[in-house]
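Residue numbers (UniProt numbering), protein chains in the order written: chain H, 1 to 400; chain L, 1 to 384.
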Amino acid sequence: MTDADDLRRRTAELLAAHPPATTDRLEFLRARFDAGLAWVHFPEGLGGLDAPRSLQAVVDAELEGTGAPDNDPGRIGIGLGMAAPTILRFGTDEQKQRFLRPLWTGEEVWCQLFSEPGAGSDLAALATRAVREGGAEAGTGGDWIVDGQKVWTSSAHLARWAILIARTDPDVPKHRGISYFVCDMTDPGVEVRPLRQITGEAEFNEVFLTGVRIPDAHRLGAVGEGWKVAQTTLMNERVAIGGARAPREGGMIGIAAADWRARPELRTHDLHQRLLKLWVEAEVARLTGERLRQQLTMGQPGPEGSGMKLAFARLAQEISGWEVEFLAEDGLTYDDWTMRRPDGVDFTGREAGYRYLRAKGNSIEGGTSEVLLNIVAERVLGLPPEPRTDKDVAWKDLPR
Amino acid sequence: MNDGTTLPGADPDLLYSEDEDALRAAVRSLLADRSDPATVLAGLESDVAYDTGLWHSLATEIGTAGLLVPEKLGGAGASAREAAVVLEETGRSVAPVPFLTSAVIAVTALLGCDHGRAEVAAPLAALAEGRTVGVLAVPLPTAPGGLPEPASVRADANGALTGRVTSVADAAAAELLLVPAQGPDGPALYAVEASADGVRTDTVTPLDLTRPLGHLTFDGAPGRLLATGDRARATLDRALLTGAGLLASEQLGIAEWCLAETVRHTAARTQFGRPVGSFQALKHRMAALWLEVASARAAARNAADALATGSPDAPVAVAVAQAYCAPVAVRAAQECVQLHGGIGMTWEHPAHLFLKRAKSDELALGSPGRHRDALAGLVGIAAP
Ligand SMILES: Cc1cc2nc3c(=O)[nH]c(=O)nc-3n(C[C@H](O)[C@H](O)[C@H](O)COP(=O)(O)OP(=O)(O)OC[C@H]3O[C@@H](n4cnc5c(N)ncnc54)[C@H](O)[C@@H]3O)c2cc1C
Numbered sequence: 001m002t003d004a005d006d007l008r009r010r011t012a013e014l015l016a017a018h019p020p021a022t023t024d025r026l027e028f029l030r031a032r033f034d035a036g037l038a039w040v041h042f043p044e045g046l047g048g049l050d051a052p053r054s055l056q057a058v059v060d061a062e063l064e065g066t067g068a069p070d071n072d073p074g075r076i077g078i079g080l081g082m083a084a085p086t087i088l089r090f091g092t093d094e095q096k097q098r099f100l101r102p103l104w105t106g107e108e109v110w111c112q113l114f115s116e117p118g119a120g121s122d123l124a125a126l127a128t129r130a131v132r133e134g135g136a137e138a139g140t141g142g143d144w145i146v147d148g149q150k151v152w153t154s155s156a157h158l159a160r161w162a163i164l165i166a167r168t169d170p171d172v173p174k175h176r177g178i179s180y181f182v183c184d185m186t187d188p189g190v191e192v193r194p195l196r197q198i199t200g201e202a203e204f205n206e207v208f209l210t211g212v213r214i215p216d217a218h219r220l221g222a223v224g225e226g227w228k229v230a231q232t233t234l235m236n237e238r239v240a241i242g243g244a245r246a247p248r249e250g251g252m253i254g255i256a257a258a259d260w261r262a263r264p265e266l267r268t269h270d271l272h273q274r275l276l277k278l279w280v281e282a283e284v285a286r287l288t289g290e291r292l293r294q295q296l297t298m299g300q301p302g303p304e305g306s307g308m309k310l311a312f313a314r315l316a317q318e319i320s321g322w323e324v325e326f327l328a329e330d331g332l333t334y335d336d337w338t339m340r341r342p343d344g345v346d347f348t349g350r351e352a353g354y355r356y357l358r359a360k361g362n363s364i365e366g367g368t369s370e371v372l373l374n375i376v377a378e379r380v381l382g383l384p385p386e387p388r389t390d391k392d393v394a395w396k397d398l399p400r
Numbered sequence: 001m002n003d004g005t006t007l008p009g010a011d012p013d014l015l016y017s018e019d020e021d022a023l024r025a026a027v028r029s030l031l032a033d034r035s036d037p038a039t040v041l042a043g044l045e046s047d048v049a050y051d052t053g054l055w056h057s058l059a060t061e062i063g064t065a066g067l068l069v070p071e072k073l074g075g076a077g078a079s080a081r082e083a084a085v086v087l088e089e090t091g092r093s094v095a096p097v098p099f100l101t102s103a104v105i106a107v108t109a110l111l112g113c114d115h116g117r118a119e120v121a122a123p124l125a126a127l128a129e130g131r132t133v134g135v136l137a138v139p140l141p142t143a144p145g146g147l148p149e150p151a152s153v154r155a156d157a158n159g160a161l162t163g164r165v166t167s168v169a170d171a172a173a174a175e176l177l178l179v180p181a182q183g184p185d186g187p188a189l190y191a192v193e194a195s196a197d198g199v200r201t202d203t204v205t206p207l208d209l210t211r212p213l214g215h216l217t218f219d220g221a222p223g224r225l226l227a228t229g230d231r232a233r234a235t236l237d238r239a240l241l242t243g244a245g246l247l248a249s250e251q252l253g254i255a256e257w258c259l260a261e262t263v264r265h266t267a268a269r270t271q272f273g274r275p276v277g278s279f280q281a282l283k284h285r286m287a288a289l290w291l292e293v294a295s296a297r298a299a300a301r302n303a304a305d306a307l308a309t310g311s312p313d314a315p316v317a318v319a320v321a322q323a324y325c326a327p328v329a330v331r332a333a334q335e336c337v338q339l340h341g342g343i344g345m346t347w348e349h350p351a352h353l354f355l356k357r358a359k360s361d362e363l364a365l366g367s368p369g370r371h372r373d374a375l376a377g378l379v380g381i382a383a384p
């Protein structure tokens with residue numbers, strides 16, 4: 001079994017064979033992947049060494065300060081956080097070999113074609129159709145032809161690949177007729193249109209799919225079993241959004257505290273009290289995330305994961321709102337309304353107004369806070385479910 | 001004051017060890033047997049200050065009285081982490097036992113004195129073995145670092161104490177009083193037998209029936225000097241810091257019981273043809289509370305670990321835990337009463353015991369506001 005010493009040795013070997021100062025960025029990242037030091041808990045040959053997930057920290061610490069390039073995780077978050085764990089769990093060997101390496105190095109950006117104009121929280125109601133060429137009788141192996149519209153798609157303008165869910169059988173209840181695909185964003189049937197958002201920029205997009213051809217080899221999981229596959233993606237998405245590891249005063253609370261220290265002339269008693277409350281809550285959220293990570297390391301995953309995104313969204317919104325208020329006249333200004341198509345979310349690089357507006361998305365993206373509260377109540381606390389009217393009704397007969 | 005960039009030292013261990021789980025199981029089964037809510041309620045109607053039989057079992061049979069005392073001084077040589085686990089369980093059952101006051105706060109105070117001296121070692125061993133109940137004679141709301149100087153009790157050169165201390169938790173149960181006093185040479189800590197001449201205990205009708213309060217009056221009571229000057233100050237501060245940090249675990253236990261009972265009740269109670277727990281307006285409140293309880297656990301564990309390892313981060317960890325956990329326990333108890341409807345307002349249903357304990361715990365050992373103020377100094381978020 002791979003232990004910390006082993007990983008230190010392997011990291012030293014990587015650095016010796018590919019000195020960061022003289023090695024091309026991508027070349028270094030590829031070599032790191034091939035050495036199993038990308039995500040050590042992944043299988044050997046797929047960027048990992050089958051090691052405990054917690055040992056990734058050893059590798060990261062060894063690489064720190066060596067000039068080793070990182071893979072820009074903020075830019076490729078959907079690939080790392082959602083596509084990769086899903087491909088690992090449901091993909092064929094060929095799919096894993098083809099997709100994971102360029103995904104991790106950032107050579108290929110991913111996006112998520114899930115939400116539709118008519119299906120957001122009720123994602124399983126989606127209407128985008130995938131029909132096997134030649135009809136259902138054509139048997140296995142034929143290409144799929146996809147038609148429909150997706151919306152709020154982050155990074156679609158940068159993406160090489162997409163994870164996509166589409167309806168393959170409208171005659172069964174909605175959760176049962178869905179299949180899960182990897183979609184080639186360069187297919188001529190894919191049209192990406194920027195969708196300008198509350199911050200002025202266009203981080204997300206509308207995506208129109210017209211006769212998009214997807215080979216059956218790009219299906220993840222069985223036909224009609226796509227909802228099960230999507231569950232893995234959604235679970236990982238929530239952990240990815242809420243679960244970033246940060247030091248004390250990391251993230252937004254650090255920015256707010258720094259503002260407070262730098263601007264004594266703006267301090268009031270009321271803002272002081274509120275900042276201290278937020279500081280405590282941010283510190284407790286950090287500790288809760290840390291406790292979750294320790295549980296995972298011990299192989300005893302706790303249900304805290306379902307809650308982290310909720311806490312993160314509320315805190316990001318409250319802290320950024322506090323910051324705008326604290327900054328007084330500066331809070332009345334905005335850094336830049338230009339319609340841009342950014343590489344990702346830039347919570348720390350921009351000003352308070354941007355943080356305030358962008359944080360509004362934290363309680364909507366990846367499942368709204370209301371939906372997450374339902375999940376906690378039903379799956380963690382075991383409270384009785386909502387009465388359902390759509391349970392045994394074929395998708396095509398549902399009111400839409 | 002610093003610039004706020006101080007980071008916690010080594011990573012705190014926020015989980016429970018196997019030994020801690022075993023201790024929890026022992027305490028929980030004892031409390032389930034002997035201190036279920038109906039028994040606690042019935043006991044409150046009697047005049048006894050606390051359940052002596054229950055305390056005897058908890059203190060001596062399971063050995064919780066001496067958890068914080070090193071083995072060579074007659075204790076179990078465990079740490080604040082184990083004591084925290086006991087408090088989670090006593091909180092979950094609102095057990096009327098002097099664990100926090102005697103086994104945590106009084107013991108920590110004695111440990112801070114020179115225990116090479118017989119005057120300290122003897123009472124420490126007695127507390128550790130559960131033979132004696134001791135309390136630190138300070139008002140229950142006293143926050144760490146918040147002790148008034150000069151103390152409300154004066155000592156003369158012979159150690160005779162005069163003065164008054166109000167609202168001391170478990171005062172009526174205590175045989176040994178550890179009294180901060182203004183001595184001839186400044187602040188000092190004295191030990192007084194509760195039964196000595198010149199000591200009077202007036203019981204008060206408390207909000208929290210499960211943790212009795214008393215006013216102590218000293219009129220020339222004979223005191224034995226335990227510590228003086230900076231040592232006395234540091235000892236008191238450590239005792240209060242430990243008490244406040246571990247109180248967070250009691251608050252966690254209270255909140256956990258309240259949430260679990262509320263989920264159980266609302267899943268079973270039907271109105272409008274549905275279990276009321278299936279209404280989203282209620283579900284969301286319970287889910288939000290669950291997240292707060294999970295977070296309170298991380299905060300309480302962090303404080304217990306920092307105290308156990310003597311981390312320099314302990315004052316921050318304790319202030320964070322108290323500022324966070326106290327309101328969570330109160331909210332959980334309030335939601336418990338509300339979501340039970342009429343039955344939540346009755347004397348027969350135990351919810352009120354938890355509400356009363358949670359609310360008085362919120363004031364105990366420093367209110368959340370006091371702890372946030374302390375934090376302002378500790379992490380460099382200065383007041384205007
Ligand atoms: C910044 C951002 C980036 C995004 N990126 C992507 C992406 O890359 N790919 C992608 O596929 N999607 C993406 N999304 C879409 C996101 O997942 C959906 O917006 C979200 O799931 C909510 O769906 P909806 O917008 O249709 O809202 P609706 O489902 O219409 O919800 C409207 C309101 O009703 C509430 N509601 C709905 N159902 C319930 C219920 N059962 N109980 C209680 N309340 C309920 C919701 O909480 C909300 O307040 C992104 C969204 C945002 C804001």
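Backbone N, C-alpha and C fix where the C-beta goes; we use that ideal spot for every residue, glycine too.
Listed in chain order, the non-local C-beta contacts of A239 of chain L below 7 angstroms within the same chain comprise I105, T108, A109, G112, L136, local neighbours out to five positions each way being set aside.
A Cβ-Cβ separation of about 15 angstroms leaves L14 of chain L out of contact with E82 of chain L under the 8 angstroms criterion. Straight-line measurement puts the Cα of A257 of chain H at about 24 angstroms from the Cα of G245 of chain L. Distance check between R176 of chain H and each of H:V192, H:D216, H:A222 places H:A222 closest, using alpha-carbon atoms only. By DSSP's assignment, D184 of chain H forms a beta bridge with H:W161.
Exclusion of the five residues before and after G77 of chain L leaves P70, E71 as the residues of its chain whose Cβ lies within less than 6 angstroms of its Cβ. Short note on I364 of chain H: C-beta closer than 7 angstroms to some heavy atom of ligand 1. If you ignore the 5 residues before and after G214 of chain L, its C-beta comes within less than 7 angstroms of the C-beta of V168, A171, A172, T201, D202, T203, V204, all in its own chain and listed in chain order. Shown in chain order are the members of the segment 287-312 of chain H whose Cβ falls below 7 angstroms from a Cβ of chain L: L287, T288, E290, R291, Q294, Q295, M298, E304, G307, L310, A311.
For Q280 of chain L, the shortest separation between its Cβ and any heavy atom of ligand 1 lies below 7 angstroms.
Listed in chain order, the non-local C-beta contacts of V328 of chain L below 6 angstroms within the same chain comprise A255, E292, A296, local neighbours out to five positions each way being set aside. In chain order, L209 place their CB closer than 6 angstroms to the CB of L44 of chain L, counting only its own chain and leaving out the 5 sequence neighbours on each side. Distance from the CA atom of G63 of chain L to the CA atom of E129 of chain L, rounded to whole angstroms, is 7 angstroms. The C-alpha of M82 of chain H is placed about 27 angstroms away from the C-alpha of D3 of chain H. Under DSSP, F208 of chain H shares a beta bridge with H:Q149, H:E191.
Secondary structure within the segment 120-184 of chain L: the beta strand (DSSP E) runs of 3 or more consecutive residues, fully enclosed, are 134-136, 153-155, 160-169, 176-183 (chain order). At a Cβ-Cβ threshold of 8 angstroms, L113 of chain H and I163 of chain H count as neighbours. Under the Cβ distance rule, A288 of chain L counts among the residues neighbouring chain H, one pair being separated by less than 8 angstroms. In the three-state reduction of the DSSP assignment, T108 of chain L falls in the helix class, which pools H, G and I.
Separation of T297 of chain H and H41 of chain H (C-alpha to C-alpha, rounded to the nearest whole angstrom) is 11 angstroms.
In the three-state scheme derived from DSSP, where H, G and I count as helix and E and B as strand, S35 of chain L is classed as coil. Under the criterion of beta carbons closer than 8 angstroms, G353 of chain H and D335 of chain H qualify as touching, at roughly 7 angstroms.
Closer than 8 angstroms to the CB of H272 of chain H there is at least one CB belonging to chain L. Its chain contains L31, S35 as the residues whose beta carbon lies nearer than 6 angstroms to that of A95 of chain L, once the 5 sequence neighbours on both sides are disregarded; these appear in chain order. For S179 of chain H, the secondary structure class from DSSP, reduced to helix, strand or coil, is strand. Of the heavy atoms belonging to ligand 1, none sits nearer than 7 angstroms to the Cβ of N236 of chain H. For the segment 262-280 of chain L, residues whose beta-carbon sits nearer than 8 angstroms to a beta-carbon of chain H comprise V263, T266, A267, R274, P275, G277, S278, Q280.
In the structure shown, R132 of chain H adopts extended strand secondary structure according to DSSP, grouped into three states.
Judged by their CB atoms, V207 of chain H and A166 of chain H are not nearer to each other than the 8 angstroms cut-off. Runs of the alpha helix (DSSP H) lying entirely within the segment 308-370 of chain H and spanning at least 4 residues, in chain order: 352-359.
Chain-ordered, the chain H residues with CB closer than 7 angstroms to the CB of V320 of chain L read V280, E283, V284. With respect to V172 of chain H, A394 of chain H sits close: the two C-beta atoms are nearer than 8 angstroms. For H41 of chain H, the three-state secondary structure derived from DSSP is coil. By the criterion of a C-beta distance shorter than 7 angstroms, G254 of chain H is surrounded by no residue of its chain, once the five residues flanking it on both sides are discounted. Annotation: L26 of chain H to C258 of chain L spans about 54 angstroms, alpha carbon to alpha carbon. For R301 of chain L, the uninterrupted alpha helix (DSSP H) run begins and ends at 280-308, by DSSP.
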